[in-house]
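Novice:
Numbering (our numbering), first residue to last: 114 to 420.
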């Protein structure tokens, strides 16, 4: 990124409170973005515009601190030099090699699908719930990418320093996306949709910011077949977070029911993968027929905009 936000990127952004366009406050690095309607200045930290409701900043910061501590304990984040740069192809810590192998398969599917669907066009893509931004790093080789997450710390969007980012990183929420209408071609929710309560609102926001030919891709998030399975997942989640020492985080995890993708008038959804493997899908289907707990599926689902 450059010292000031380019006009190209600025045209994508809008105020998270009133949805009006923003302007640079003073035109210098880190002075912020200004909404003349709300008379509100949003800070820019390490080239990351912070576009969330100012009243929620402290609450979100507490969540991010707790979440970072949990993920560090789980082995999902690391201070090891080069760790984030190596993802997803290498887990330098060795803690989650198998899981990252799954992520690579999903990534390879996504890259092929983008080319098969859109050809060589230079798309505008939102990586929604981007985490550290490893997916954005790869997508930015071919596309104009915005990486959005609530976490702007060293284990969030600032894991890659400003000069390392060939994309725009912004702080924002999936159910209040601070981007303009009809601005993007693709929204990707990569292992992130389960962290917002308002799933239908996320679909509304994705539909709003996508162009008429646009697509919403959901991948590597746990999806449950019914409410009973979701309730069981919530119980397991609460027990797990209690055990790990961060019980408050359970309030930030929300199970996704499969009917979210079958009863929506804004998108036509299609499953490109039902689960991590055909075997996983069949085993869970049989368990469901037998009335046994099945756990989550991890599908790849694409919704095409209906406008």
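For each residue, glycine too, the CB sits at the ideal point set by N, CA and C.
1. May I ask which residues mark the beginning and end of the alpha helix (DSSP H) holding residue 231?
2. Given a threshold of 16 other Cβ atoms within 10 Å of its Cβ, counted over all protein chains shown, does residue 131 qualify as buried or as exposed?
3. For residue 196 and chain B, any beta-carbon pair shorter than 8 Å?
4. What span of residues does the alpha helix (DSSP H) with residue 342 cover, start to end?
5. Does DSSP put residue 114 in a helix, in a strand, or in coil?
6. Run through the region 236–268 for me and flag every whole alpha helix (DSSP H) of 4 or more residues, listed as ranges in chain order.
7. Express the C-alpha separation of residue 174 and residue 275 in angstroms, rounding to a whole number.
8. Taking the straight line between their C-alpha atoms, what separation do you get for residue 284 and residue 344?
9. Using DSSP with H/G/I as helix, E/B as strand and the rest coil, what is residue 284?
10. Do residue 282 and residue 300 have their C-beta atoms within less than 8 Å of each other?
11. Tell me whether the beta-carbon of residue 409 lies closer than 8 Å to the beta-carbon of residue 336.
12. Could you compute how far the alpha carbon of residue 149 sits from the alpha carbon of residue 313?
13. Give me the residue from 118, 202 and 164 with the minimum Cα distance to residue 128.
14. Which whole-angstrom value describes the C-beta separation of residue 412 and residue 387, a residue pair presumed to lie in contact below a C-beta threshold of 8 Å?
15. Going by beta carbon distance, what residues of the same chain come within less than 7 Å of residue 315, once the five residues before and after it are set aside?
16. List the endpoints of the continuous beta strand (DSSP E) containing residue 415.
17. Please report the distance separating the alpha-carbon of residue 115 from that of residue 170.
18. Assuming residue 207 contacts residue 245 under a Cβ cut-off of 8 Å, what Cβ separation, rounded to an integer in Å, is found between them?
19. Please say whether residue 322 and residue 296 have beta carbons closer to each other than 8 Å?
20. On the DSSP bridge list, what partners appear for residue 148?
Specialist: Reading from the atomic positions:
1. If you look at residue 231, you'll find it in the alpha helix (DSSP H) that goes 210–231.
2. Around the Cβ of residue 131, a 10 Å sphere holds fewer than 16 other Cβ atoms; the residue is exposed.
3. Any reference to chain B falls outside this structure, which holds one protein chain only.
4. Per DSSP, residue 342 belongs to the alpha helix (DSSP H) from 340–357.
5. Summary for residue 114: the model assigns pLDDT 47, below 50, so the residue's position carries little reliability; its value from the coordinates is reported in the next sentence. In this structure, residue 114 counts as coil in the three-state DSSP scheme.
6. Runs of the alpha helix (DSSP H) lying entirely within the region 236–268, each at least 4 residues long, are 247–252 in chain order.
7. A direct Cα-Cα distance of roughly 20 Å separates residue 275 from residue 174.
8. Cα-Cα distance, rounded: 30 Å.
9. Annotated three-state conformation of residue 284 is strand, per DSSP.
10. The answer is no: Cβ separation not under 8 Å.
11. In contact: residue 409 and residue 336 (Cβ atoms closer than 8 Å).
12. Each residue's Cα considered, the two are about 30 Å apart.
13. When each option's Cα is compared against that of residue 128, the closest is 164.
14. Rounded, the Cβ-Cβ distance is 5 Å, consistent with contact.
15. The residues are 287, 288, 306 and 309.
16. Residues 413–418.
17. The pLDDT assigned to residue 115 is 45, lower than 50, so where the model puts this residue is not dependable; a value taken from the coordinates is nonetheless given after this. Rounded to whole angstroms, the gap between the alpha carbons of residue 115 and residue 170 is 25 Å.
18. Between residue 207 and residue 245 a beta carbon distance of about 18 Å is seen, past the 8 Å cut, so the two are scored as non-contacting.
19. Yes, they are a contact pair.
20. Assignment of beta-bridge partners to residue 148 by DSSP yields 153.
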